[in-house]
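**Student:** Numbering follows our numbering, with no gaps: position 513 of the sequence shown is 620.
Each residue gets a CB set at the ideal place from its N, CA and C atoms; glycine is no exception.
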Amino acid sequence: MYLMKKKKNKKDFKIKKRVFFSLLAGLMIFLSYQNIIAIEETKAPNEASGTIRNVEQNVEKDSKTSFFDKFKKQNNDEEKLNKKAQKEQIKLQKQQEKEQKRLEKEKKKLRVQEIKLPEVQEGKPKTPFHLMSVMTIDDCVDYALSHNPNLAVSKERIKAAQSTINQARANYAPRLTGRVSYNHSDTKSSSFHTDSNSGGFNVGISEMIWDFGRTTARINMAKYDVESSQYDYDYDVLNIVYDVKINYYRVLSALARLDIYEQNVRIQNLNYERTSAMFDEGLKSKIDVVNAQVNLTDAKIQLVEAQNELQVALINLKNSMFYEGDTPFIVQNTENFGFLKVDYRKKVEGLNTIKPSGSGFKKNEDGMIMLTSGIEHNDIIQNFEFTPFAISKKEAVEQALELRPDLKSNRMLAKVQEESLKAIKRQYAPELSADLTWGYNRSENNNYQSPLQLGVSMGLGSINPYGIHYQIKEGESYLDIALHNINIAKTDIFWQVQTNYVNMRQLERKIPLMNMKVKATLENFELADGRYSVGLNNYVELQDALTNYNNSQLNFVEAVFNYNVARETLLKSMGVK
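1) Taking 8 Å as the threshold (C-beta atoms), are M611 and R674 in contact?
2) Could you name the residues that DSSP lists as bridge partners for E314?
3) What's the C-alpha gap between D343 and A503?
4) Only counting the same chain, and skipping five residues up and downstream in sequence, which positions put a Cβ closer than 8 Å to that of I265?
5) Comparing alpha-carbon positions, which option in D651, M565, Q506 lies nearest N402?
6) Just checking, does the segment 531 to 544 make contact with the segment 555 to 568 on the three C-beta pairs under 8 Å criterion?
7) Look at the Cβ atom of A251, then the Cβ atom of F429, and state whether they are nearer than 8 Å.
8) Short of 8 Å in beta carbon distance, which residues of its chain neighbour S550, apart from the five on each side in sequence? Order them along the chain.
9) Apply the 10 Å Cβ neighbour rule to V438 and answer buried if 16 or more other Cβ atoms are within range, or exposed otherwise.
10) Using CA coordinates, which residue listed in N255, Q193, D184, F386 is at the minimum distance from D350?
11) Just the Cα atoms here: how many angstroms apart are K462 and L643?
12) Rounded to the nearest angstrom, how far is the Cβ of M239 from that of T434, given a contact under 8 Å?
13) With contact counted as at least three CB pairs below 8 Å, one residue from each stretch, are the segment 627 to 643 and the segment 573 to 591 in contact?
14) Counting C-beta neighbours from all protein chains within 10 Å, is the total for M328 16 or more, i.e. buried, or is it exposed?
15) Can you give me the C-alpha to C-alpha distance between V358 and L424, rounded to a whole angstrom?
16) Do you know how far the Cα of G574 is from the Cα of R325?
17) Please report the distance separating the alpha-carbon of K624 from that of E665.
18) What does the Cβ neighbour count give for K295, buried or exposed, with the cut at 16 atoms within 10 Å?
19) What are the start and end residues of the beta strand (DSSP E) that includes R511?
20) Please state the DSSP three-state secondary structure of Q439.
21) Is D366 buried or exposed, if buried means 16 or more other CB atoms sit within 10 Å of its CB?
22) Which partner residues of R286 appear in the DSSP bridge assignment?
23) Do I600 and L508 have their CB atoms nearer than 8 Å?
24) Below 8 Å between beta carbons: does that hold for V248 and V348?
25) Quick check on M623: does DSSP put it in helix, strand or coil?
26) If you scan the segment 362 to 405 from start to end, which runs of the alpha helix (DSSP H) of 4 or more residues do you find wholly inside it?
27) Counting C-beta neighbours from all protein chains within 10 Å, is the total for Y289 16 or more, i.e. buried, or is it exposed?
28) For I497, which option in L678, E185, R286 has the closest C-alpha, if you only look at C-alpha atoms?
29) What three-state label does DSSP hand T243 in the structure shown?
30) Span of the beta strand (DSSP E) holding Q560?
31) In the DSSP assignment, what residue or residues form a beta bridge with T301?
32) Beta-carbon within less than 6 Å of K529's beta-carbon, same chain only, minus the 5 sequence neighbours each way: which residues are those?
33) Buried or exposed: V667, going by 16 or more other Cβ atoms within 10 Å of its Cβ?
34) Quickly, what does DSSP pair S527 with across the bridge? List them, please.
35) State the Cα-Cα distance for the pair T404 and G637, rounded to the nearest angstrom.
36) Cβ of F444 within 8 Å of Cβ of Y356?
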């Protein structure tokens with residue numbers, strides 16, 4: 108009984124043990140499942156964010172890739188457009204060069220054409236003066252340099268000199284020979300008579316290999332002669348620029364003088380009207396009226412002469428420019444010649460007429476009839492500016508010795524004579540040459556010959572030692588002459604520049620003093636005019652004061668003109684264009 112009960116308890120314990128372990132295993136499985144779910148839940152957002160991040164990276168990568176592709180494509184398009192534009196530009200440039208060559212060929216065929224002269228201007232120009240173009244002094248110089256036929260002649264001299272270089276070089280070129288022959292032989296004797304015919308030809312080529320510097324000296328002669336011609340061209344340009352500028356200043360001077368004489372006519376006219384009115388009131392005598400009328404007539408005569416002076420100056424300017432246009436042009440103030448007023452076009456337009464004042468005279472606040480009330484507004488020195496030339500005497504001389512084209516030309520001519528003397532002396536040297544000839548001769552019996560000959564030879568030509576000796580003496584004399592010419596030119600330039608420099612500086616000091624004189628004579632004339640109006644002086648004193656004022660203005664204009672001429676003369680002597 109006890110044993111059976113013990114077995115039963117043992118069996119129950121095993122069952123309980125199994126249930127416990129089953130429950131424990133189930134609990135563990137349940138907890139593991141919960142952990143798995145939690146891990147999955149935490150892992151899912153991370154995977155989602157990673158997926159989004161990958162998508163964004165891919166989008167960004169795609170956007171970057173598309174941006175670079177677009178940029179690269181745009182650069183390629185720009186490069187293609189640039190290459191296309193360059194090709195079109197090169198094509199256009201080639202077409203222009205081709206057209207220029209064609210024009211040059213046509214120009215060579217046409218040679219030199221006769222110049223077409225402009226129409227002769229009579230009376231008023233057809234074009235109104237306010238529509239005419241203004242030509243500055245530089246414009247006139249440029250026009251002259253492009254139209255002056257003397258420069259064309261100098262250019263042709265340069266081309267002719269350049270041709271002599273190739274002529275001298277041609278001595279190194281091969282020489283060709285050719286000959287065709289026919290021979291008939293008729294021999295008679297007492298025992299026989301023969302008659303034969305033959306013909307053939309031969310050609311050859313020969314070339315001078317070396318003549319020990321004789322040809323080289325002639326080539327150098329031609330080169331130095333070309334350089335001399337080019338310096339002669341530069342000297343011609345220097346003279347043309349100088350002539351145009353001087354004539355331009357003459358026009359400006361004539362316009363300034365015309366302004367003075369027109370002002371004098373207005374003053375004399377007002378003075379005549381005033382003296383006549385004072386005579387009617389019994390304040391002046393008849394002789395004063397007559398003198399006023401005589402002075403008015405003289406003023407008009409001077410105005411006519413000034414108008415003629417301006418016309419001649421304009422003609423000389425156009426002549427120095429080789430002006431071919433039919434339309435007149437208007438000049439302009441320069442740096443140191445600023446006398447032109449705003450209405451100077453009207454002065455040029457009315458060259459052939461003398462207009463009366465028509466304004467009458469007016470009384471001032473004190474009731475006096477004054478002539479000087481409006482003169483100051485027409486004064487020649489008003490708004491005139493003057494700038495001295497900033498250069499020292501030493502600098503001017505050094506620049507002249509460096510730039511003067513005529514001095515350079517003389518130096519090149521001396522080198523020409525040196526090379527000429529070398530060529531003469533080298534006539535004693537032998538000549539090394541090569542020859543190649545080939546011929547073909549055939550007789551009537553079909554016998555023929557075809558010789559080919561090649562040879563090199565060295566020898567002297569026909570030499571006259573006595574003649575060469577005196578040729579050398581002549582060459583040495585010409586070389587000494589060329590060297591003396593260099594010294595003469597240097598000495599002339601050295602003292603010429605200094606003389607021109609001193610003349611220019613003297614006028615620079617003179618102009619301010621003459622400016623003061625113009626102001627003083629104007630003040631004197633104003634005082635004389637006031638005294639005459641109140642009867643404190645006579646007509647002669649008034650006229651003397653007016654004459655002094657006009658002369659001081661004219662002398663001032665002449666001094667400014669002479670200064671500009673002296674300045675341009677100095678620049679020309681320095682070799683400055």
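**Tutor:** Short version:
1) yes
2) A541
3) 21 Å
4) V333, S336, Q337, Y340
5) D651
6) yes
7) yes
8) S303, N304, S305
9) buried
10) N255
11) Unreliable placement is indicated for K462, whose pLDDT of 48 sits below 50; the coordinate value is still reported in the next sentence. K462 and L643: Cα-Cα distance of roughly 32 Å.
12) 7 Å
13) no
14) buried
15) 8 Å
16) 19 Å
17) 14 Å
18) exposed
19) Premise fails: R511 is in no beta strand (DSSP E) and is neither H nor E.
20) coil
21) buried
22) N309
23) yes
24) yes
25) helix
26) none
27) exposed
28) Note that residue 497 is Ala in the sequence shown, not Ile. With distances taken between Cα atoms, A497 lies closest to L678.
29) coil
30) 559 to 566
31) T294
32) A324
33) buried
34) None, per the DSSP bridge assignment.
35) 24 Å
36) yes
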